[in-house]
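Visitor: Structure below; questions to follow.
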Amino acid sequence: MHSFGQRANVLLTFAITLLALMCAIASVSDNFNSLSPHAHVQVVNINWFQKKSSGDDEVSLSLNISANLESLFTWNTKQVFVFLAAEYGTPKNALNQISLWDGIIPSREHAKFWIHAYNKYRFIDQGSNLRGKEFNLTLHWHVMPKTGKMFADKIVMSGYRLPQAYR
Amino acid sequence: MGWIEDTVTSVKSIQLRQALHQTISIGLIVTSALMIWKGLMCITGSESPIVVVLSESMEPGFARGDILFLRMSKEPIRAGEIVVYNINGRDIPIVHRVIKVHERKDTGEVDVLTKGDNNEEDDIGLYAPGQRWLQRKHIIGRAVGFLPHVGWATIIMTEKPLIKYILLGGLGLLVITSKD
């Protein structure tokens, strides 16, 4: 009637279907999580600010970053990638996004943090528009699930301004 | 002696019928796989809707053998997104995160810089000689979904071709020998 092969086939198909269903449910369950993250960033110091020989402005910042991202973690969260980006517009560019600092948060226990950092990536403009430039600092997070849909959001912090003169 | 001829012709016709049936089954499997792939291409707008992660540069987020689902929409590319890009002269696409974006006001064209989460350096060293930014044309999709470990079969098969041939041969034999 039913050969070994047929039985094995049915069992395997059933197991895979069940696993796929569980993965889908785990991914969907992320949507029921209510998020209440908050962050605070302070520009402590402009370490230096100059025009490079290429004509582009470059600035080096010291930052104090504190954030609480504990609410992003669910049972389906593998890690949260968090980064702080400077965002501003110039006459040439509608949007410039420059990542200044980033980190990987592996678990809820590490999701409430305070850190003092220099900008990890070079803050270079495409041109010479940074003097007196007002910019936003935006804390972005990208949640990587154990399985399923990835999602991302951000907190925009505005009202930061670079000095009028190089130093 | 007519019954012998009858038997012979009936046996012959059965074998022909079976052979045809098997050919059609194989054809069905191949064409449905092709249809699913092409259908996914249409829905996602990406020329390769599913990719297998081959390197450790995005650890611990993505490990070797994980599968990523890609989408390519009209939406602008933004910092933090994980994109898959192709560099001229390289055949393997790279999955890395966008860390800088400069979007032109007049044309909307973007200059993008990427970096692997697990790499110390940004990707300028991976780009073509003299290339400093990625443009939209290099990017074939952004990662939207994730399934762990499922891609290991692909990695094993590309790295140990013998296993691939054994597997393919076995499957072919199974299809040919199976009765229905």
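Protein chains in written order, with the working numbering: chain A, 76 to 242; chain B, 14 to 193. Quick reminder that beta carbons are idealized off the backbone N, C-alpha and C, glycines included.
Determine the contact status of I152/B and V96/B, defining contact as a CB-CB distance below 8 angstroms.
Guide: Result yes, Cβ atoms of I152/B and V96/B sit closer than 8 angstroms.
Visitor: With a threshold of 16 other CB atoms inside 10 Å of the CB of H34/B, please say whether the residue is buried or exposed.
Guide: exposed
Visitor: Since G74/B contacts F148/A with CB under 8 angstroms, what's their CB separation in whole angstroms?
Guide: Their Cβ separation, rounded to whole angstroms, is 15 angstroms, which puts G74/B and F148/A out of contact at 8 angstroms.
Visitor: State buried or exposed for T20/B, treating a residue as buried only when at least 16 other CB atoms are found within 10 Å of its CB.
Guide: exposed
Visitor: Mind checking whether N211/A and E162/A have CB atoms under 8 angstroms apart?
Guide: Closer than 8 angstroms, so yes.
Visitor: Under the rule that 16 or more other beta-carbon atoms within 10 Å means buried, what is N101/B, buried or exposed?
Guide: Result: exposed.
Visitor: So if DSSP puts A160/A in a beta bridge, which residue, or which two residues, is it bridged to?
Guide: Answer is S174/A and T213/A, bridged to A160/A.
Visitor: Roughly how many angstroms separate the alpha carbons of I80/B and V116/A, rounded to a whole number?
Guide: 35 angstroms
Visitor: Pull the bridge partners of D228/A from the DSSP assignment, please.
Guide: Note: D228/A sits in a beta bridge opposite W216/A.
Visitor: Give the residues of chain D in contact with V157/B, contact being defined as C-beta atoms less than 8 angstroms apart.
Guide: You won't find chain D in this structure, because its protein chains are A and B.
Visitor: Could you check what DSSP says for Y178/B in three-state terms: helix, strand or coil?
Guide: helix
Visitor: Quick check: S146/A and S102/A, are their CB atoms within less than 8 angstroms of each other?
Guide: Not in contact: S146/A and S102/A (Cβ atoms no closer than 8 angstroms).
Visitor: What residues from the stretch 149-178 of chain B come within 9 angstroms of chain A, judged by C-beta to C-beta, listed N to C?
Guide: A156, V157, G158, F159, L160 and P161
Visitor: Are at least three pairs of beta-carbons, each pair with one atom in the stretch 83-97 of chain B and one in the stretch 146-160 of chain B, less than 8 angstroms apart?
Guide: By the Cβ criterion, the stretch 83-97 of chain B is in contact with the stretch 146-160 of chain B, since at least three pairs of Cβ atoms, one from each stretch, lie closer than 8 angstroms.
Visitor: Hey, quick one: how far does the alpha helix (DSSP H) through S104/A stretch, first residue to last?
Guide: Looking at the DSSP string, the run of the alpha helix (DSSP H) that includes S104/A is F79 to S104.
Visitor: Taking all protein chains shown into account, decide if S26/B is buried (16 or more other Cβ within 10 angstroms of its Cβ) or exposed.
Guide: exposed
Visitor: Closer than 6 angstroms by C-beta to D105/A: which residues in its own chain qualify, once you throw out the five before and the five after it? Chain order, please.
Guide: T149 and N151
Visitor: Would you say P220/A reaches chain B, if we count a Cβ-Cβ gap shorter than 8 angstroms as a contact?
Guide: yes
Visitor: Using a Cβ distance threshold of 8 angstroms, determine whether the stretch 137-145 of chain B contacts the stretch 49-60 of chain B, with at least three qualifying pairs required.
Guide: no
Visitor: Tell me, please, whether the CB atom of A169/A is closer than 8 angstroms to any CB atom in chain B?
Guide: Yes - at least one Cβ of chain B is within 8 angstroms of the one on A169/A.
Visitor: Taking 8 angstroms as the cut-off, decide whether the C-beta atoms of F82/B and G158/B are in contact.
Guide: yes
Visitor: Beta-carbon separation of V111/B and T127/B under 8 angstroms?
Guide: yes
Visitor: Could you tell me whether any Cβ in chain B is nearer than 8 angstroms to the Cβ of Y196/A?
Guide: Interface flag for Y196/A against chain B is set, since a Cβ pair is found closer than 8 angstroms.
Visitor: Using the three-state DSSP reduction, which class does E116/B fall into: helix, strand or coil?
Guide: strand
Visitor: Where do the N-terminal and C-terminal ends of the alpha helix (DSSP H) with T171/B fall, by residue?
Guide: W165 to E172
Visitor: Are the C-beta of A192/A and some C-beta of chain B separated by less than 8 angstroms?
Guide: no
Visitor: In chain A, which residues lie with their C-beta within 9 angstroms of the C-beta of A92/B?
Guide: F158, A160, E162, Q172, I173, S174, T213 and H215
Visitor: Runs of 3 residues minimum, wholly inside the stretch 60-103 of chain B: which ones carry the beta strand (DSSP E) assignment?
Guide: 63-65, 80-84 and 95-98
Visitor: Check this for me: beta carbons of A248/A and S141/A, under 8 angstroms apart or not?
Guide: Past the boundaries of the shown model lies residue 248/A; chain A is included only from 76 to 242, so the question cannot be answered.
Visitor: In the DSSP output, which residue or residues are listed as bridge partners for S137/A?
Guide: For S137/A, which the question treats as bridged, DSSP gives the partners N120/A and Y193/A.
Visitor: Should Y98/B go down as buried or exposed, given a rule of 16 or more other Cβ atoms within 10 Å for buried?
Guide: buried
Visitor: For the stretch 194-205 of chain A against the stretch 162-177 of chain A, do three or more pairs of beta-carbon atoms, one drawn from each stretch, fall closer than 8 angstroms, so that the two count as touching?
Guide: yes
Visitor: Cβ of Q201/A less than 8 angstroms from any chain B Cβ?
Guide: yes
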